[in-house]
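Numbering (the working numbering), first residue to last: 5 to 445.
The block underneath contains the structure these notes are about, expressed in structure tokens.
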Amino acid sequence: MNSIRSRLSLILLTATGVVWLCAVLWAQHNTRSEVIRVLDRRLEESARMVASLIAEGGVGVDIAGRALSRVGAEGMRHQLSCQVWGLDGQYIGGSEGAPDERLGTASGFSENSVGGEPWRVYTLEEPGLGFRVMVGDAVAMRDDLVSNVVKGLAVPALLVLPLLAALIRVTVGRGMAPLDRLGRALAGRSHTDLGPLPERGVPRELRPMVDALNGLLARVDRARERERNFTAFAAHELKTPLAGLRTQSEIARMAPNEATRAYALLQIERGVKRSDRMVRQLLEMAAVDREMAEGPPKDGADILRATVSELTALAERRGVTVTVDAPAGLWHTRASPLLHAALRNLLENAIAASPDGARVDTALRQTGAHMRFVVTDTGHGIADADRPRVTERFFRSASNTGSGSGLGLAIVVTAMDRMGGALALSPRPGGGECAELILPV
5 MNSIRSRLSL ILLTATGVVW LCAVLWAQHN TRSEVIRVLD RRLEESARMV ASLIAEGGVG
65 VDIAGRALSR VGAEGMRHQL SCQVWGLDGQ YIGGSEGAPD ERLGTASGFS ENSVGGEPWR
125 VYTLEEPGLG FRVMVGDAVA MRDDLVSNVV KGLAVPALLV LPLLAALIRV TVGRGMAPLD
185 RLGRALAGRS HTDLGPLPER GVPRELRPMV DALNGLLARV DRARERERNF TAFAAHELKT
245 PLAGLRTQSE IARMAPNEAT RAYALLQIER GVKRSDRMVR QLLEMAAVDR EMAEGPPKDG
305 ADILRATVSE LTALAERRGV TVTVDAPAGL WHTRASPLLH AALRNLLENA IAASPDGARV
365 DTALRQTGAH MRFVVTDTGH GIADADRPRV TERFFRSASN TGSGSGLGLA IVVTAMDRMG
425 GALALSPRPG GGECAELILP V
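What follows is the structure, given as structure tokens:
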């Protein structure tokens, strides 16, 4: 059953039926107790009335019947049976229709078998007058009386049950109306409409869902905005080097001498390298921007050494020495692609910013509940005015004359967000920059 309306209606109807059944069972039990109490009191009163009449007027042939007719309604004469016995065991008289068999022997209330059927009997003994009065009724008569009372309660309940089911169905439908309106509001929206759902008039029970949907719509809207900006910036950044490549290729084709052609080819080679790096960083940014599946755990020290090894050729062309201080087995991670992307971009930036023949130091340290990957260079550092924006996508400092795309640190920050970590940048004493990847243990 996939319908909330049907499920809720069934639950309410079942709960109502169970409550109604419990009420009927309770009424049956309570009615039985009350009927027994009332009928027992009637037996006792009838016996005392018969004894009083006998004491006043003597023993007569129909004294028991006349006494019962004075106890209550005429119909009681057919429901109750009365016998009067002497203390010597001699039968004195009884009511009309009373059994021939003696009703009871013990004084007070008792349950006896009379004619093969259970009877409830009250026996009143009068030692001073020399007789016993026994008044009783059949237990089956009492059960019929209780059954009639319970039927009087249950039959109307059964007749009302279908009407109650229809009423519950209608009520549940009206209660589900706000959810239906919310569904229609979502279904009627354009795929470009990511504005928040109106919260006015929303029931309190639906407000958490509406808030969650509005939060989701806001996140999707921000993600789409980032994608649009990313696409626009990427197209702009790729357009410039491609235009340069076309210009240099035309110069090389039309060069009047070998020196001009060689220079144009050199610029083409540099442009291709810049474009290659930009495309790679764009792909990295797209990769770290989406959720990545976790892989097997890998040693953080091995990831750092592997990243340094990948950039050895880049460092050697500049004469830059890269050192590694990372004890093995200190920390493992399942998000090795994210960590590799972050370390690679930090190291590329550090090597690019360092002067020829300089040194870049890398290390892995544990401080309390955090692991720190530290990359330190001796380059020009980051200007104070640029620090607030240096991690924005495609941001390039006006003082930076390099060929960077402005994506490196943005990739690092995005990867750290995915891993639950952070990037910390600080000036190195004596010049340069210290970058730290801070990750929870």
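Beta carbons are placed, not taken as given, at the ideal position from N, Cα and C, and that holds for glycine.
None of these values were measured; they are calculated from a predicted model.
Per the coordinates, the alpha-carbon of Pro392 lies some 18 Å from the alpha-carbon of Leu441. In this structure Ile355 touches Leu315 by the C-beta definition: roughly 6 Å separates them, less than 8 Å. Per the coordinates, the alpha-carbon of Met258 lies some 24 Å from the alpha-carbon of Arg278.
Judged by DSSP secondary structure, Ala346 falls outside any beta strand (DSSP E) and instead within the alpha helix (DSSP H) spanning Ser340 to Ala357.
DSSP places Thr325 inside the beta strand (DSSP E), whose first and last residues are Thr325 to Asp329. The beta carbon of Met420 sits closer than 7 Å to the beta carbons of Ala346, Ala426, Leu427 and Leu441 from its chain, once the five residues preceding and following it are set aside; these are given in chain order.
Secondary structure at Gln271: helix, using DSSP grouped into helix, strand and coil. Linking Leu167 to Ile96 through their CA atoms gives a straight-line distance of about 60 Å. For the 8 Å CB-CB criterion, Ala102 and Ser117 do not form a contact. A contact is defined here as three or more CB-CB pairs under 8 Å, and the region 204 to 220 fails this definition with respect to the region 36 to 56.
A direct Cα-Cα distance of roughly 6 Å separates Ser111 from Leu128.
Boundaries of the beta strand (DSSP E) around Val139: Phe135 to Ala142. Between Ala31 and Leu157, the CB-CB gap stays under 8 Å. Annotation: Arg321 to Asn353 spans about 15 Å, alpha carbon to alpha carbon.
Collapsing the DSSP output to three states places Met375 in a strand. Annotation: Ser430 is outside any alpha helix (DSSP H); the continuous beta strand (DSSP E) that includes it extends over Ala426 to Pro431. In this structure, Gly187 lies away from Arg9, with their beta-carbon atoms at least 8 Å apart. Put simply, the backbone Cα of Ser99 is about 22 Å away from that of Asp148. Beta-bridge analysis with DSSP links Asp365 to Thr327 and Thr380. For the options Val379, Gly219 and Ala357, the alpha carbon positioned closest to that of Asp365 is the one of Val379. Under a 10 Å Cβ-count criterion, Val312 is classified as buried, with 16 or more other Cβ atoms of the shown protein chains found around its own Cβ.
DSSP places Arg124 in the strand class (E or B) of the three-state scheme.
Residues of the same chain with their beta carbon placed closer than 6 Å to that of Arg106 are lacking, with the five preceding and five following residues left out of the count. The distance from the Cβ of Arg338 to that of Gly299 is about 6 Å, consistent with a contact at the 8 Å cut-off.
With fewer than 16 other CB atoms across the displayed protein chains lying within 10 angstroms of its CB, Gly119 is exposed. Using a 10 angstroms sphere on the CB of Gly383, the tally of other CB atoms reaches 16 or more, which defines it as buried. The C-alpha of Gly410 is placed about 24 Å away from the C-alpha of Val224. Val206 carries a coil assignment under DSSP once its states are collapsed to helix, strand and coil. A direct Cα-to-Cα measurement between Gly90 and Arg136 gives close to 6 Å. Only residues of its own chain outside the window of five on either side were considered, and among them Leu133 have a CB closer than 7 Å to the CB of Ala59, listed in chain order. Residues of the same chain with a CB within less than 8 Å of the CB of Leu198, apart from the 5 flanking positions on each side, are Leu221, Ala222, Val224, Asp225 and Arg228 in chain order. Judged by DSSP in its simplified three-state form, Ser13 adopts helix.
For the pair Ala256 and Leu269, the Cα-to-Cα distance works out to about 6 Å. With fewer than 16 other Cβ atoms inside 10 Å of its own Cβ, Asn152 counts as exposed. With fewer than 16 other Cβ atoms from the protein chains shown falling within 10 Å of its own Cβ, Ile15 counts as exposed.
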